[in-house]
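Engineer: I'd like to ask you about the structure that follows.
In my numbering, the protein residues as written are 855 to 1008.
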């Protein structure tokens, strides 16, 4: 599918979403564009990409809100959970369980490439993946870095 990037307009989704969430939620408005971008990228899957002669590139969008404790990061993410649960997002968009092991995280990505992983304590998730007891998950952080390079399969 070819989409002319010059015809894309933030007013189609991002601006109305940011305005709506800014009016309804008491978290910093700077969080909302990231949440909206992650939602749109999950819905698009591999419909929007950069196409080269030798290979195609489909960017992965990973969003991480880094802020001080108590700034309502979870509040900004909560509408995505509601949209997924109410089936406002496409059926293919899978909401990962909140408390998932790194092993299951990889399995879910293989089963559901459009998965949304919303976790308000991502540091805890990463620390679990690098603990000494779980030496079988050695390399998990490197794998997460590799995912951002958009391999065809994972």
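All C-beta atoms in this analysis are idealised placements derived from N, C-alpha and C, irrespective of residue type, glycine included.
#1: Is residue 949 helix, strand or coil by DSSP?
#2: With residue 893 as the anchor, note down where its alpha helix (DSSP H) starts and where it stops.
#3: Tell me the DSSP bridge mates of residue 970?
#4: Taking the alpha-carbon of residue 921 as reference, which of 910, 964 and 883 has the nearest alpha-carbon?
#5: Span of the alpha helix (DSSP H) holding residue 929?
#6: Would residue 934 pass as a contact of residue 964 if the rule is Cβ separation under 8 Å?
#7: On the DSSP letters alone, give me the boundaries of the alpha helix (DSSP H) that residue 961 sits inside.
#8: What residue does the alpha helix (DSSP H) around residue 872 start on, and which one ends it?
#9: Count the other CB atoms, across all protein chains shown, that sit within 10 Å of the CB of residue 918; report buried if there are 16 or more and exposed otherwise.
#10: Shortest alpha-carbon distance to residue 895 belongs to which of 881, 880 and 916?
#11: Under 8 Å by Cβ, that's how I've got residue 974 and residue 937 pegged, so tell me the actual separation to the nearest angstrom.
Structural biologist: So, from the data block:
#1: Numbered from its first residue, the chain shown carries residue 949 at position 95. In the structure shown, residue 949 sits in a strand (DSSP, three-state: E or B).
#2: Here residue 893 refers to the residue found at position 39 when the chain shown is read from its first residue. For residue 893, the enclosing alpha helix (DSSP H) covers residues 886-898.
#3: If you number the chain shown from 1, residue 970 lands on position 116. Beta-bridge annotation (DSSP): residue 970 is paired with 949.
#4: Walking along the chain shown from the start, residue 921 turns up at place 67. Just measuring C-alpha positions, the residue of 910, 964 and 883 sitting nearest residue 921 is 883.
#5: On the chain shown, position 75 is the one that residue 929 refers to. Segment 927-939, the alpha helix (DSSP H) holding residue 929.
#6: The residue labelled residue 934 in the question sits at position 80 within the chain shown. The residue labelled residue 964 in the question sits at position 110 within the chain shown. Contact: no.
#7: As a working mapping, residue 961 is identified with position 107 in the chain shown. Residue 961 -> alpha helix (DSSP H) spans 956-965.
#8: Within the chain shown, the letter at position 18 stands for residue 872. 868-878 is the extent of the alpha helix (DSSP H) around residue 872.
#9: Translated into positions along the chain shown, residue 918 becomes position 64. With fewer than 16 neighbouring CB atoms inside 10 Å of its own CB, residue 918 falls in the exposed class.
#10: As a position in the chain shown, residue 895 is number 41, starting the count at 1. Checked all of 881, 880 and 916; the closest Cα to residue 895 is 916.
#11: For the purposes of this step, residue 974 is taken as the residue at position 120 of the chain shown. For the purposes of this step, residue 937 is taken as the residue at position 83 of the chain shown. Contact check for residue 974 and residue 937: beta-carbon distance about 17 Å, past the 8 Å limit, so the pair fails to qualify.
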